[in-house]
Amino acid sequence: MPPNGDARPDPDALLRAAAQEGRGRLKIFLGAAPGVGKTYEMLSEGKARRRDGVDVVVGVVETHGRAETEALTRGQEIVARRAVNHDGHVLHEMDLDAVLARAPRLVLVDELAHTNAPGSRHPKRYQDVEELLAAGIDVYSTINIQHVESLNDVVASFTRVRVRETVPDSILEAAEIEVVDIPPDELIERLKAGKVYLPAEATRALGHFFSRSNLSALRELALRRAAQAVDARMLDDVRALGLGGTWAGSERIVVAISELPGSDVLVRAAKRIADGLRGPWTALFVETPRAAHFTDAQHARVAAAMTLATQLGAAVATVPATNVVEGIQGFLADARATQLVLGKSPRSRWFELRHGSVVDRLVRDTPDVTVHVLPVAAGRSERGARRPARWGAPSGYAVTGAMVAGVTAAGSALVHVIDLGNVALLYLLPVMAAASLYGLRTGLFAGFASTLAYNFFFLPPVGTLSINNPENVISVVVLLGIAFATSQLTARVRAQADLAAASARTNATLAGFLRQIAAVNDVDQAARMICDDVRRLLDVHVVLLGAAAGGALEVLAASDPGYRLDAMDNAAANWAFDTGSAAGKGSGTLTASEWLFQPLKAGARTLGVLGVANDGGTNPVRADQLPLLSSLLDQSALVLERLRLQAEMRDLDVVRTRDRLRAALLSSVSHDLRTPLTAVMAAADQLDHGATPELIGTIKGESARLNRFVANLLDMARVEAGAIRLNVEAIDLSDAVTGAAHDARRALEGHGVRLDVPPDLPLVRADPQLLHHCLLNLLDNAGRYGDPGSEIVIEGRHRFGALRLAVLDHGPGLPPGREAEVFETFTRLEGSDRAIGGTGLGLAIVKAFAEAMGIMVEASNRSDGAGASFALVFPAASIVRDAEVEGRS
Amino acid sequence: MPAKVLVVDDEPAIRRLLRNTLARAGYEVVEAGNARDALQQAAAEHPAAILLDLGLPDRDGLSLIPLLHAGGEVVILVVSARDAVDEKVAALDLGADDFVGKPFDTEELLARLRVALRHRGPPVEAQKVVTRGDLDIDLDRRIVRRGGVEVHLTRKEHDVLAMLVRHVGRIVTHDKLLDACWGGDEDARIEYLRIVIRNLRQKLEAPAPVGSVIANELGVGYRLRSDDAI
């Protein structure tokens, strides 16, 4: 850390930190919507703390009858609730006094936004929590993002559901926040499965609330709010420690990837979070001793995730460590990370109980980092790899053969003690095993092999394949039948599992697609992303076309650079765009095109056309992929619509600003050019009747004003064109002030001018001409707004390392609180008389020129009397130190 | 015999104004509306001074300065709306005697012209002692008296003052001053000059306002005010 003169601890931050000492700490589990599992997460963590020996009690938890949640409360100490009688209803509230009397180390208080029953000590539960914290008790609590006060309106604006129970932001700012996050699709699934508790009367109203777009937006809000809280807290820490300048205060995101499938999902989620928080992000892989035993597929997954992260703009890091938790914690501390993205691995409860969940331990032991835990789909690729081919693997036949041989051997040994029919039963074992493990064909093979073996080795006549006893025929038929039935059943179960996995995969990919694209703010980027994702998901060539400025369709993005659209394809694309229905191969229209074009529709408007094609010339999209394609189309259309609306808003803003400025410029230019011209012309007319000093004075004064105005217009044009060229040299301010006072003498006529610039002020570095123009405008301004006959003072002071050159007038001064506005173009503050003239260009030029030279401008009212003070403040860096010139002159 | 002045400007209105002003001040005036005419008139009329606009229709005024000088001894006053510092410096380096910006104050223009004409010719080397107001400056003996009392000047202050005195009434650019007084010092910087000027002013001007003896030309150089200059 470089020594920093300004890095003194901030007293306020220290006070806040001191106030925190002795107080309990609040941790809030923040969710985007009901049903994300906040209570579950809170209880899990409470339980974990309890296992660590912390004195934990449950203050109040609403399980809503959910079995998993209820299971977590078992074995925890629950403080009995207090019954409150209200209008004949009995309500059960948290017994605050009982909890205070029990004085645990940590209390779990569900639903922070809850409103207490009338007659309770505090109207709101968060006030109860405040009291608990003040008593030095740590509190875990839960809240949904729509209950945060500052976000209430925002949430209501897009969900059309307004909640009355809100919690002030100050509560969240003082708390540690953990976002409990699950993808919207998964939440919708949970809702459909009835796993989300909603009050009966609210169910219908909330149906709209749980739309995918709403949930995505809510999630975004929750993540942002968490990020904000972390930022504020870190800032406090930094101030309290006096670490100014070493912590950028920005968010740093770390995503931990593993060899398990789904790391790509994590990387994309982290990218989205990093984009949202505008922070740098790093993909981290912790190399434990276990990594030495990775399979090729596992190595490949780590490498792929790292590559993906690099492509998405992340830094990547691999750290060796004996276990994952230590590795991640060490890295978080080194990188001063603020956000950690983790996947919840699909390990068994049993495994977690023995080893402790990595996630839980990280959440518990890294309090300064906001942890995002994302569910990761179970290892799908392994399951896919294990799926047998149609004919079954040769190894399956070998194993089956071995099993049949084994049973035959066993049967031979037992045939003397058991009945022949029971030997037949033994053959069921290899048949069922083969059918369930290797599928129908291997099962049938097992059936035949068993039948033959049974027949040959056991059925009389032994050693032949003929059957004497008709009963034994039945045994053979039964064996074959069982082989067939078992394999059919197993196949069906497996097909269902595959289907479920496929739909989970589809949901996951859709969620991933949404996550990525939610952060995009640029049409080209969104189009590329849509094309790449559709290509990846459906394995087809993709083009995305949109309407260009002229209304004609143009290609926005394509998945393959080598794509081509011929006349027929273009006709189909246009037809799809114009009519809003599909065209091309596989549709009912213009089927000669190699491409299938689908419209992207938002409401009645067609925003673009997505074309897909494949190499084989068959229908580009399989029937089973159509639902996925249509979801992707819907989402893509929504994204494009959002971007279109954003662009429209931007354009509108630009046009409005430009119009406003143009109107202001025209009115001021016409006013400021015509007024002096009118005066000059009128005075010149009067000269025919004889020249008076007054007339001549008018002509000279108004001409000077006109000249000043033209100079300002030229200067402003130079500023607007960005064409200020600096010619910095050491300047003696007494020269600068004398010169400016001389050139502004006409504007200052009628005023006394006092130059109070000590001759021993240090030299400053500035552009002499720009500085001259600044001073001219300040003097012009003082001459115009100062009371007639009053004194104008130019005062130079060297104090606290900076040099301040101020122009002071005696006049109405500036409207209090709006002093800084005078430097904006075309601002003439109220109280300034229109008749006095001046465009408001002058001070804008002062500001622009001064800032170009690194000089600050200040406008204020004089402390010593009525009037305004305008100052140029030369920072220490622009001041020439005496040592630089001494001895040389 | 009144001095002859050539006015070179493409705007008839400006020429008319200058003709009237100069005639009223007792000069004889000839005019040119472009560079070609200007060279012809200069050759034919041998003016004592030329008021030169830089924005001429047929060629850039700056390039005209050496050509006009080549025709013989003449004072050149640039009168231009171009106010860029480097343009002023270029004009002075090319041999212009002074620079007046447009729009100009006619009294100031006349004063500058008067000074330039009075001090035309080679720098004041011959004169050993220069008197200006209450100052007596003996260049050879390096003695400066103010109101008869000797003022102590450092070596550098003497060098700078001598340079300004030799060009009294005319602008001496920063570069010329630095070259003449810090010659050979590669690192010579304008800061040194500023400090020397500040000290000189303390000794020669105070309590009169800053710039009453040594005038600052924004970003260009310094000028020792002549007795009759503004």
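For the protein sequence lines, the chains are D and W, in the order given. Take any residue in the first sequence, count from 1 to its spot, add 1031: that is its number in our numbering. Take any residue in the second sequence, count from 1 to its spot, add 1: that is its number in our numbering. The beta-carbon is built from N, C-alpha and C at its ideal position, and this holds for glycine as well.
By DSSP, does residue i sit in helix, in strand, or in coil?
i	result
D/Phe-1901	strand
W/Ser-81	strand
D/Asp-1118	coil
D/Ser-1891	strand
D/Trp-1312	strand
D/Val-1067	coil
D/Gln-1370	strand
D/Thr-1431	helix
D/Ser-1172	strand
D/Ala-1409	Reliability fails at D/Ala-1409, whose pLDDT of 47 lies under 50, so the model's placement of it is uncertain and the value that follows must be treated cautiously. Reduced to three states, the DSSP call for D/Ala-1409 is coil.
D/Pro-1630	strand
D/Pro-1215	helix
D/Val-1186	helix
D/Lys-1375	strand
Quick one: what's got a C-beta closer than 7 Å to residue i's C-beta in the same chain, skipping five residues either side?
i	result
D/Gly-1167	Gly-1053, Arg-1054, Gly-1055
D/Ala-1300	Val-1372, Leu-1405, Arg-1546
D/Ile-1251	Rather than Ile, the amino acid found at residue 1251 of chain D in this sequence is Glu. The residues are Gly-1307, Ala-1549.
D/Arg-1559	Ala-1588
D/Gly-1415	Reliability of the predicted coordinates at D/Gly-1415 is poor, the pLDDT of 36 falling under 50, and no value is obtained from them.
Under a CB-based cut-off of 7 Å, is residue i close to chain W?
i	result
D/Thr-1763	Correcting the residue identity first, residue 1763 of chain D is Asp in this sequence and not Thr. Chain W, which has a Cβ nearer than 7 Å to the Cβ of D/Asp-1763, makes this yes.
D/Leu-1954	As shown, chain D starts at 1032 and ends at 1920. That puts residue 1954 of chain D outside it, with no answer to give.
D/Gly-1770	yes
D/Asp-1597	no
D/Asn-1743	no
D/His-1702	no
D/Glu-1760	yes
D/Asp-1811	no
Can you confirm whether residue i, when its beta carbon is compared against all beta carbons of chain D, has any partner nearer than 7 Å?
i	result
W/Pro-104	yes
W/Gly-170	no
W/Val-211	yes
W/Ile-191	yes
W/Val-86	yes
W/Gly-220	yes
W/Asp-25	Here residue 25 of chain W is Arg; the residue named in the question, Asp, does not match the sequence. By this cut-off, W/Arg-25 is not an interface position.
W/Arg-37	no
W/Val-161	no
W/Arg-142	no
W/Arg-195	yes
Got a sec? Which residues, its chain only, sit under 8 Å from residue i by beta carbon, not counting five neighbours each side?
i	result
W/Asp-98	Val-76, Ile-77, Leu-78, Ala-117, Arg-121, Arg-171
D/Ser-1734	Pro-1707, Val-1711
D/Val-1298	Val-1286, Ile-1288, Ala-1314, Ala-1336, Leu-1339, Ala-1340, Leu-1343, Ala-1345
Assuming residue i and residue j make a contact with CB atoms under 8 Å, what is their CB distance in whole Å?
i	j	result
D/Ala-1477	D/Val-1462	5 Å
D/Lys-1632	D/Ala-1602	Not quite, the Cβ-Cβ distance comes to about 20 Å (not below 8 Å), so this is no contact.
D/Gln-1107	D/Val-1087	7 Å
D/Val-1138	D/Val-1115	That pair is no contact at about 19 Å.
D/Ala-1466	D/Ala-1514	5 Å
D/Ala-1542	D/Asp-1216	5 Å
D/Ala-1902	D/Glu-1889	4 Å
D/Val-1911	W/Glu-192	6 Å
Please work out which residues of its chain come closer than 6 Å, Cβ to Cβ, to residue i, disregarding the five sequence neighbours upstream and downstream, and give them in chain order.
i	result
D/Asp-1141	Thr-1070, Val-1091, Val-1092, Glu-1093, Thr-1173
D/Ser-1412	At D/Ser-1412, the pLDDT of 38 sits below 50, so the modelled position is not reliable; the number obtained from the coordinates is stated separately. Cβ within range, chain order: Pro-1292.
Practice task
Mind listing, in chain order, the continuous alpha helix (DSSP H) runs of no fewer than 4 residues lying wholly within the segment 1118-1163 of chain D?
Solution key: 1127-1133
Exercise for the section: Give, in chain order, every unbroken run of the alpha helix (DSSP H) that is at least 4 residues long and sits entirely within the segment 1422-1504 of chain D. Expected result: 1425-1445, 1451-1457, 1459-1469, 1471-1488
Handout entry: Whole beta strand (DSSP E) elements within the segment 1284-1340 of chain D, 3-residue minimum
Key = 1284-1288, 1312-1318
Handout entry: Whole alpha helix (DSSP H) elements within the segment 1736-1777 of chain D, 4-residue minimum
Key = 1764-1774
Exercise for the section: Write down every uninterrupted run of the beta strand (DSSP E) in the segment 1591-1670 of chain D whose length is 3 residues or greater and which is fully enclosed by it, in chain order. Expected result: 1627-1633, 1636-1644
Handout entry: Any beta strand (DSSP E) of 3 or more consecutive residues that is wholly inside the segment 1778-1825 of chain D
Key = 1783-1787, 1795-1797
Exercise for the section: Jot down the residue ranges of each uninterrupted alpha helix (DSSP H) in the segment 21-52 of chain W, minimum 4 residues, whole runs only, in chain order. Expected result: 36-46
Exercise for the section: At 4 residues or longer, and completely inside the segment 156-227 of chain W: list those alpha helix (DSSP H) runs for me, N to C. Expected result: 156-167, 175-182, 191-205
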